[in-house]
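Undergrad:
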Amino acid sequence: MSNSEDNMIEPMEQSRKDVIIKTSVVGILTNVLLAAFKAFIGVMSNSIAVILDAVNNLSDALSSVITIIGAKLAGKLPDKEHPLGYGRIEYLSALIVAGIVFYAGVTAAVESVKKIVNPEVPDYGAVALVIIASAVIVKVILGKYVKAKGEEVNSGSLVASGSDALFDAVLSLSVLISAIIFTATGISLEAYVGLIISGFIVKSAVDMMKETLNEILGIRADREITTKIKRLLSEEPEVRGAYDLILYNYGPDRDYASVHLELPDTMSVKDVDTLTRKVEMKVYKETGVILVGVGVYSYNTEDNAAAKIRNDVQERVLAHEWAVQFHGFYIDIEKKKMRFDVVMSFDINHEEGLQILYEEMKKVYPDYAVLIVPDVDVSD
């Protein structure tokens, strides 16, 4: 990665961090104000649902604080110990936010059950109903705003906070509906409503945790982006194919990749160097992905016999359902040497697959020294 490309990335990261911090500050201020109003109304009206709603707002404010801290830490410049930066800290902060949402949901469920067992009669006034209704509207606006900003800058923490705010709006709406029903009929449903909504909150938190853990563990690269990268590479006239594309994620919008290009055996090292530098810049400009490693496969260009053998070997290999892709074939007929790569699915053990292929090649081409490299099916 050149200095000029680094200079392009840093302003983008700074702008992204500014958006995250600004959005989180708006969330903190809004939630603190909502919590204060709801706590007052909850105590005055003796409503466990409203009090829990206030506590939930405080947890949202805490989530926003964690998001800011995560963005600050993730924005630290790379150093000797962490040469690829601190971007993955954002995944940890998103996981903490999900944990807070989970705790809030479980707490709401426990308190709701307590009120079902030992019910208390609330006392809602007109002012209380107006404040609860206003809180619903504010939460919907806040949730959509925070989630939109999160999707705009690819921040898992903001998206999680925005989704939580929208769930809170549903929770507040259920409290409002139960309050109206109690005022009109004298039937108190708020504890039951709180229990139902807490279940949705817990499920939302679990979904957030799963998504964030997948990012930390590493998941299959998005098909749209891998297809686009391979297309960009294959547009170059010298490139017959792009294979073994692997994406490495080091935080939101911080993706690195390695790939193998199949090139004619007539190209010089100078030609290959010129080509790889060109495609590295091309891929970065079009996708934002940094190609940190470009390997090369050579293919035979001047031997018809080599082409016939290649076609035969490819047909035999791909006859197996577990053989996803065949590439990197090269043969030296004079020295009786042959090599190629096979992408195997997860339906077969690679050692077993290799044994099958080696036995087949030995029967058909007994005079050749064959090298087969098994590749993992990491991207489409």
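Quick note on this note's numbering: the sequence shown kicks off at 9 and runs consecutively. In this text, a Cβ means the ideal position worked out from N, Cα and C, and glycines have one as well. Quantities reported herein were computed from a predicted structural model and do not represent experimental measurements.
Is residue 229 helix, strand or coil by DSSP?
TA: If DSSP states are grouped into helix, strand and coil, residue 229 belongs with coil.
Undergrad: Between the Cα of residue 37 and the Cα atoms of 26, 23, 67, which residue gives the shortest distance?
TA: Measuring from the Cα of residue 37, the nearest candidate turns out to be 67.
Undergrad: How many angstroms separate the CA atom of residue 198 from the CA atom of residue 118?
TA: Between residue 198 and residue 118, the C-alpha separation is close to 13 Å.
Undergrad: Which one or two residues does DSSP pair with residue 270 in a beta bridge?
TA: Per DSSP, 249, 305.
Undergrad: Residue 24 to residue 161, Cα distance in whole Å?
TA: Distance between the alpha carbons of residue 24 and residue 161 is about 6 Å.
Undergrad: Would you mind working out which of 174, 288, 100, 241 sits nearest residue 64, comparing C-alpha positions?
TA: The shortest Cα separation from residue 64 among 174, 288, 100, 241 belongs to 174.
Undergrad: If residue 263 and residue 297 are in contact, beta carbons under 8 Å, what's the gap, nearest whole angstrom?
TA: With 8 Å as the limit, residue 263 and residue 297 qualify as a contact, their Cβ atoms being about 5 Å apart.
Undergrad: Going by the beta-carbon positions, is the gap between residue 62 and residue 47 smaller than 8 Å?
TA: Yes, they are a contact pair.
Undergrad: Are the beta-carbon atoms belonging to residue 141 and residue 184 less than 8 Å from one another?
TA: Taking 8 Å as the Cβ cut-off, residue 141 and residue 184 qualify as a contacting pair.
Undergrad: Beta-carbon separation of residue 260 and residue 107 under 8 Å?
TA: No; because the gap between Cβ atoms is not below 8 Å, this pair is not in contact.
Undergrad: Measure the alpha-carbon distance for residue 358 versus residue 122 and round it to whole angstroms.
TA: Those two C-alpha atoms are separated by around 56 Å.
Undergrad: Count the other CB atoms, across all protein chains shown, that sit within 10 Å of the CB of residue 378; report buried if there are 16 or more and exposed otherwise.
TA: Classification of residue 378: buried, given that the 10 Å Cβ count is 16 or more.
Undergrad: With distance defined between alpha-carbon atoms, name the residue in 76, 139, 127 nearest to residue 166.
TA: It is 76.
Undergrad: Could you tell me whether the region 232 to 252 touches the region 313 to 331, where touching means 3 or more Cβ pairs closer than 8 Å?
TA: No, the region 232 to 252 does not touch the region 313 to 331.
Undergrad: Return the CA-CA distance between residue 169 and residue 228, expressed in angstroms with no decimal places.
TA: If you take the alpha carbons of residue 169 and residue 228, they lie about 25 Å apart.
Undergrad: Can you grab the Cα-Cα spacing for the pair residue 241 / residue 291, in whole Å?
TA: Roughly 8 Å separates the two Cα atoms.
Undergrad: Between residue 220 and residue 99, how many whole angstroms is the CB-CB distance? I'm expecting something under 8 Å.
TA: About 5 Å; that satisfies the 8 Å criterion.
Undergrad: With distances taken between CB atoms, is the gap from residue 72 to residue 101 smaller than 8 Å?
TA: Their beta carbons are not under 8 Å apart, which means residue 72 does not touch residue 101 by this criterion.
Undergrad: Using the rule of at least 16 other Cβ atoms within 10 Å of the residue's Cβ for burial, across every protein chain shown, is residue 354 buried or exposed?
TA: It counts as exposed.
Undergrad: Go through the region 47 to 85 residue by residue and report every complete run of the alpha helix (DSSP H) that reaches 4 residues or more, in order.
TA: Runs found: 56 to 82.
Undergrad: Under a Cβ-count criterion, where at least 16 other Cβ atoms within 10 Å of its own Cβ denotes burial, should residue 94 be classed as buried or exposed?
TA: With 16 or more other Cβ atoms within 10 Å, it is buried.
Undergrad: Excluding sequence positions up to five away, which residues of its chain have a Cβ less than 6 Å from the Cβ of residue 103?
TA: Cβ neighbours of residue 103 beyond the five flanking positions: 220.
Undergrad: Confirm, please, whether the CB-CB distance from residue 327 to residue 350 is below 8 Å.
TA: Contact: no.
Undergrad: Please classify residue 270 as buried or exposed, where buried requires at least 16 neighbouring CB atoms within 10 angstroms.
TA: Classification for residue 270: buried.
Undergrad: Look at the Cβ atom of residue 345, then the Cβ atom of residue 375, and state whether they are nearer than 8 Å.
TA: The answer is no: Cβ separation not under 8 Å.
Undergrad: Select from 265, 305, 130 the residue whose C-alpha is nearest the C-alpha of residue 92.
TA: Nearest of 265, 305, 130 to residue 92, Cα basis: 265.
Undergrad: Measuring alpha carbon to alpha carbon, tell me which of 34, 339, 324, 158 ends up nearest residue 333.
TA: Of 34, 339, 324, 158, the residue nearest in Cα terms is 324.
Undergrad: Considering residue 358, what are the terminal residues of the alpha helix (DSSP H) in which it resides?
TA: First-last of the alpha helix (DSSP H) with residue 358: 358 to 372.
Undergrad: Residues in the same chain with beta-carbon distance under 7 Å from residue 200, minus the five sequence neighbours each way, listed in chain order, please.
TA: Hits under 7 Å: 124.
Undergrad: Beta-carbon within less than 6 Å of residue 387's beta-carbon, same chain only, minus the 5 sequence neighbours each way: which residues are those?
TA: Within the same chain, residue 387 has close Cβ partners 229, 234, 253.
Undergrad: Taking buried to mean at least 16 other C-beta atoms within 10 Å of its own C-beta, is residue 409 buried or exposed?
TA: With the chain covering 9 to 388 only, the question about residue 409 has no answer from this structure.
Undergrad: What did DSSP end up calling residue 96 once you bin it into helix, strand or coil?
TA: Coil.
Undergrad: Quick one: what's got a C-beta closer than 7 Å to residue 86's C-beta in the same chain, skipping five residues either side?
TA: Contacts found: 92, 93.
Undergrad: Do residue 287 and residue 232 have their CB atoms nearer than 8 Å?
TA: No. Outside cutoff.
Undergrad: Check the C-beta distance from residue 129 over to residue 196 and give it rounded, since I have them as a contact under 8 Å.
TA: About 7 Å; that satisfies the 8 Å criterion.
Undergrad: Rounded to whole angstroms, what is the Cα-Cα separation between residue 360 and residue 278?
TA: Cα-Cα distance, rounded: 40 Å.
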